[in-house]
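I have placed the structure first, in the form of structure tokens, so that the comments after it can refer back to it.
Protein chains in written order, with our numbering: chain R, 11 to 253; chain B, 11 to 253; chain W, 11 to 253; chain G, 11 to 253; chain X, 11 to 253; chain U, 11 to 253.
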């Protein structure tokens, strides 16, 4: 089975890190293909960038030339998953939701530890819409930007560990979700420091996507995610258009 | 004061109708400027089209060359409002929210009557995120597409009236919101048939936008809607880029 | 257009301050009439006083001899709005709701900063019933009584600013609502100290009331706010009765 | 122990019926005193009348000359309970809440069957504020006014039974609350017709009030229901004042 | 009337203490019978022990040889009440719910102060299912195990008082529920230290059970709590079976 | 990897059917072991039977002599999962939750179609506690008992299809969960009749359990699901005890 794992920003090294992390947990026989958007921001840390990413993900996925079995949208708290579901017949898994639904099998409450404070409301909103917020103890920010995770790995560990401890001790989280596509490396350190299970969204999404494919299940097409009606669309796909 | 009223689809005649409707209720001294996206679908009836519209609205607004005091996003249940709020310093008013918050001053519960069944979940999700759903009795679909409202005005009236009656009688709505940017014309007929106040989102948004401007209030910039951080963005604005 | 702005307590100087504040934002052509209840408490800081105020407001409004276009109930967290809506044909706007619905256009979450701690639950209850609580980060008390706002303006600024800062920093509010009819004067100081938009309920209510009148909308009469059925009522209106 | 059972309307015969119903379940040694407001409507079927009743109940209770141990506010869905709690040291029990909290010991979901459709939102709002709505399957209206219950007992039985059956069969209620102070007589007939437990609010309130007194518990005075602060109140108590 | 008060653990001395506490508030003519499970843990502080207790309570109640009028399940936050309701015709009152529904008559918000931190989620879950959580300010743990309450009464008072004060001051609780079957002794000390009403679940349950019996009300049998269908059950009742 | 799939009733043929269904979707290398409780009811259709099953499942799992990697509790809407989580170090997956969390990846809303009407509230309660109810459109009963599914397969298909259609058409479900451990056989027929994805809880649970094991994740032990404290437990395990 082939799973497309789509980064939401244009930073290639992050795509590679995400794909490597996905491969580390994929079943034998699962091919992980990392995709990088052709346009958008080099990191997504707000709504404008996230809306750009939403379309950039749809653009890069719909122009992917080979067959595939599932798509993982590898951005935490980002827009766009519903659009992909309309355009595709294969299952689509968002890592924000994958982390949350996985964490809910592991503890009574979970927290998300993410990058900048400004992305907290985006994540909260995605969880609310997904109906996965009832057991969310908190979404906490480490104060580090997305790209700082890569450039300052030691500071990243320290900041994520500090917030994870607060989540466990003050917010009564029993599980921590790493709230960014590029945090899988931190799993071990945060787990050691807090003593609770750590869920990386990309890895959780691989397991869920594989499961859906194995069960022969995909997006329902009767209502919300029915294919777009035939109509005149200008400027799409972006990669091939100049408005 | 100048208010940009931005259609979410590429159908010029609908932009004109929306702008005319806005002008009908604007205060003396308020200039209404109708804008049509440069790309996207000729009607928005689902998530993919709505995500396209989100960016197309940001694109056309940010490239508008004159000063303005407020922006109205004239699509019902559409994505994108949060992105606009990050990019702009002036107030942004979404008609889905404008209709709902206005209706809540007029009755204990309100219903929305919209176009196709498939757009119902989009509207429900927008109201939930906006925190304006607690007094929403129902979102009902007339079964008519967006463009059929214009092409078959008589069928439109009939279908909207029928669903509005159901909303009042079965769902106990006391106010009806017309759930599409292009429905203002129906106000009188639906009001006559149901005996309840009818709220058109575009008109409600004009009143709210004027009020915000008059009060000197605009989007808070401390967290969720802070301006995007300086970073490398590829392919934006779309109107000027080829990916 | 004429808007009645009704104080909920019997302190004339507060009525005047409220009316002046309303006039400062009213459109040209809008006449603001301040009304003071003929009975009740000189400040409303609890349920008993608020229930008295509810009737006192209905009493003074229904005996107002001239025509008017809208009514603003200028008490924060007070009872009575639903009764006025039954008795009147014109729109009724409560300042608690006006502040909240306005704040929701400006930020992801808002807080209310009010007077005494004992009034916090009243405000929370009003927001819950109004269905405007989902995005309320907190309702905080400054510890100052209603009349102290007038008598100790400096302490008032200090206390309100302190709580507003806490609301922004700890509760993640992005907008502050001034939770008392007589706080409009503080707008500038609190805004300067916190850097977030400040919403005064009276001023917000003026904008909303004007908007409703301009849109030709008023209270739905089909169910909850239908006029009282004809029946024997003893002792009403109070101003004319001795029980 | 002496319990004041206060009618919310001015119809003496209803006060007598309510008091008789209360006496039928009171423990030996409990004296039930029925009180009728000195002003207000002869039946409460809306917000204006309910706000009048709120004060009329406070008026008649606070001028009652003898000692008493608890107060029951015998109106369904009415305003005012919180005011009474501020003014009194003894426990206050509202029959809307008493019926609901009792029904919740008897079945998974309960419904309320009341008088006119226009009172449904009042009851829903009271249950929501009381935090007793989560297991409420529905509030249904029989279409009969309060006074018709007395004047047309046969029609009343028929209409209440019909709605109770609907509540059980369609809304999955397992318990029915009789949603009016004057419905206790119907208990047997509705029970026989539906096969589910029927809760009369007045009777439930007697049991709860007796229990609170026996346990030595009364209203907390630390915050919401602290006694009113000393201040200047004009026109109160109404019975002794002319504004 | 005879009420069975069933301890959830096998510690006889706790059964006696619970029964004595119940007798202290029972009406004249009410006989309190304390029952101790024949199997299970000597204290319930988690889900496994609570599930054991659930069956042990059903076992000891259904094999009780004399008639009785009501059953009180005297464990805080424990499983099993719904099973008892299916098996019995008399009312069943759980002390977690009894404390909460009683507290809701006394203040705007209540808190529960319990034993170990690990039991907090059990209590929260029970309150959520019971639909009694909306006005719960917090569930706080004293850090003492169930049996330490008896063995270290002084430490118990200190720890419970400390958490109760926090609940009142930080969480804005106006009433404290003692969150364990064996805490009734602490009522006076906690009340003196906090100035708010203290509700003991066992005592509250006695009042509620007596009230239900006096009103002639018992569990609805139409759906959720209908008697088990006739079928083959192996190993039940446990007291008489070897699997 | 070895996964224990535990039936909740004592009917061996149902255990076999469940295990076969699990095997049909298990990955190569996954061994499915079906376990049947040693005591309890031959079908679980209510709370008493479900509480028995809760312990019977813990009994049969904890006395299983070989190592295993995960446990699936194969009863829909049953009690007990939290107890298993305390007793075990491996992940525990409940099929009610597995079906729901899987369905949420496939459509905007899902419905559950189950056996008898009396089990509907149990399922609703389990979903509420699991925090997976926000996107549940309805839980519907086919009216057939658990064992009738096996004995009358044609009637079962007909009844389940009928309710599934209602769920899609009236409740706007986009996905159907088969609400009983023994319904996997119906998947194809219901899918064909409704055109929406059908989720069988057992199969979904296999995919989720495999995923958790592959990700190296298991139950958090810091709070709610910490192992039981050492204490005196009488009569456990049941299989080895006579009380």
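Cβ atoms here follow ideal geometry from the backbone N, Cα and C, with glycine treated the same way. Predicted model only: the values in this text are computed from it and were never measured.
Between the C-alpha atoms of residue i and residue j, what's the straight-line distance to the nearest angstrom?
i, j, result
"residue 187 of chain G", "residue 140 of chain G", "16 Å"
"residue 152 of chain U", "residue 236 of chain R", "28 Å"
"residue 192 of chain B", "residue 173 of chain B", "17 Å"
"residue 59 of chain B", "residue 133 of chain B", "14 Å"
"residue 166 of chain G", "residue 158 of chain G", "7 Å"
"residue 53 of chain X", "residue 88 of chain X", "11 Å"
"residue 253 of chain G", "residue 247 of chain G", "Since pLDDT at residue 253 of chain G reaches only 47, below the 50 mark, its modelled position is unreliable, and no value is offered."
"residue 168 of chain G", "residue 213 of chain G", "22 Å"
"residue 211 of chain X", "residue 32 of chain X", "10 Å"
"residue 66 of chain G", "residue 27 of chain G", "19 Å"
"residue 164 of chain G", "residue 80 of chain X", "35 Å"
"residue 102 of chain X", "residue 78 of chain X", "11 Å"
"residue 125 of chain U", "residue 190 of chain U", "7 Å"
"residue 207 of chain G", "residue 74 of chain W", "50 Å"
"residue 20 of chain R", "residue 227 of chain U", "31 Å"
"residue 162 of chain R", "residue 197 of chain R", "16 Å"
"residue 93 of chain X", "residue 14 of chain X", "16 Å"
"residue 179 of chain R", "residue 22 of chain U", "45 Å"
"residue 122 of chain U", "residue 175 of chain U", "12 Å"
"residue 254 of chain U", "residue 39 of chain R", "A question about residue 254 of chain U goes unanswered here, because the residues of chain U that appear run from 11 up to 253."
Would you check if the distance between the CB atom of residue i and the CB atom of residue j is smaller than 8 Å?
i, j, result
"residue 11 of chain G", "residue 223 of chain G", "yes"
"residue 177 of chain G", "residue 136 of chain G", "no"
"residue 90 of chain R", "residue 61 of chain B", "yes"
"residue 130 of chain R", "residue 51 of chain B", "no"
"residue 18 of chain X", "residue 83 of chain X", "yes"
"residue 37 of chain G", "residue 249 of chain X", "no"
Residue i and residue j look like a contact to me (Cβ under 8 Å); what is the Cβ gap, rounded to whole Å?
i, j, result
"residue 171 of chain G", "residue 199 of chain G", "6 Å"
"residue 128 of chain W", "residue 233 of chain G", "6 Å"
"residue 218 of chain G", "residue 117 of chain X", "About 15 Å; that fails the 8 Å criterion."
"residue 272 of chain X", "residue 96 of chain X", "Residue 272 of chain X lies beyond the range of chain X shown here (11 to 253); nothing can be said about it."
"residue 147 of chain G", "residue 181 of chain G", "4 Å"
"residue 225 of chain R", "residue 35 of chain U", "6 Å"
Measure from the alpha carbon of residue i to the alpha carbon of each residue in the options, then state which is nearest.
i, options, result
"residue 231 of chain G", "X:57, X:201, X:137 and X:48", "X:201"
"residue 55 of chain X", "X:176, X:197 and X:85", "X:85"
"residue 64 of chain B", "B:100, B:32, B:142 and B:104", "B:104"
"residue 16 of chain W", "W:39, W:38 and W:49", "W:49"
"residue 205 of chain X", "G:216, G:123, G:229 and G:238", "G:229"
"residue 216 of chain X", "X:21, X:29, X:245 and X:154", "X:29"
"residue 115 of chain B", "W:161, W:106 and W:197", "W:106"
Relative to the ligand GDP, is the shortest distance from any of its heavy atoms to the C-beta of residue i smaller than 7 Å?
i, result
"residue 203 of chain X", "No copy of the ligand GDP appears in this structure; indeed no ligand is present at all."
Q | Inter-stretch contact at 8 Å, needing at least 3 Cβ pairs: the segment 28 to 43 of chain R / the segment 38 to 47 of chain B | A | no
At least 3 beta-carbon pairs within less than 8 Å: the segment 104 to 113 of chain X vs the segment 64 to 73 of chain U:
no
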